[in-house]
Structures are given as C-alpha cells and as structure tokens.
Amino acid sequence: MFTTCQKPSQLLDQIRVDCGRGWTRLKFTKDLQLRQQALTDKRSQAPLNQAELAELDAIHELKAICNFFNQQMVYQQHSSVRC
Numbered sequence: 005m006f007t008t009c010q011k012p013s014q015l016l017d018q019i020r021v022d023c024g025r026g027w028t029r030l031k032f033t034k035d036l037q038l039r040q041q042a043l044t045d046k047r048s049q050a051p052l053n054q055a056e057l058a059e060l061d062a063i064h065e066l067k068a069i070c071n072f073f074n075q076q077m078v079y080q081q082h083s084s085v086r087c
C-alpha cells in the first residue's frame, strides 16, 4: 500500500526499467498507475486533502521526468550520438 509521498524521489521504487534490443524505457509500475488513476478520479469527485495533492503532484513530476528520459533515449537511438 502507498504511504503519503511528497517528492518524486520517494516514488523511485515504483519505476520499472524496460530494456530491449537498442532501447531503454522507464515505466510506472501497475501499482503506481492505479494510484495515479485513483487520485485523479477522487479529485474529479471532490477536493483532495493536502497530502493527496502533494502525492499527486509528486506522481506528475516523476511522470514528466520519465517522459523526458524516454524522449532523450528515442533521440539518441535515432542519432549518431550515444551515451
């Protein structure tokens, strides 16, 4: 079960690294996807409390970080520049 998280770094154990031939991608675990959906659904019904808002903000920040990483990996895959 989730404890209240206020920083993306507190959610790092909920990130999975998928690797394939020539690609790497960061993805949320199923639990984190479900938690994000639950908080989003709850927010559409009623206001979230401060702890829930902080947790949802942390999830969104971590999602942005993952998306940035994934875009960089796609760019590197299609260019001659490699890490």
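Basically my numbering = 1-based index in the sequence shown + 4. Built from N, CA and C at the ideal position, the CB exists for glycine as well.
With a CB to CB cut of under 8 Å and the five nearest residues on each side skipped, what residues in its chain are close to residue i?
i     : result
Leu52 : Leu43, Lys46 and Leu60
Sort out for me which residues DSSP pairs residue i with in a bridge.
i     : result
Phe32 : Ile19
Gly24 : Trp27
Quick one: measure Cβ to Cβ for residue i and residue j, integer angstroms, because I've assumed they're closer than 8 Å.
i     : j     : result
Asp22 : Lys34 : Not quite, the Cβ-Cβ distance comes to about 13 Å (not below 8 Å), so this is no contact.
Ala58 : Gln10 : 4 Å
Arg29 : Asn74 : 5 Å
Leu38 : Gln18 : Their Cβ separation, rounded to whole angstroms, is 11 Å, which puts Leu38 and Gln18 out of contact at 8 Å.
Here's a check: name, in chain order, each residue in its chain whose Cβ is nearer than 6 Å to the Cβ of residue i, leaving out the five neighbours to either side.
i     : result
Pro12 : Ala62, Glu65 and Leu66
Quick check on residue i: does DSSP put it in helix, strand or coil?
i     : result
Asn53 : coil
Gln14 : helix
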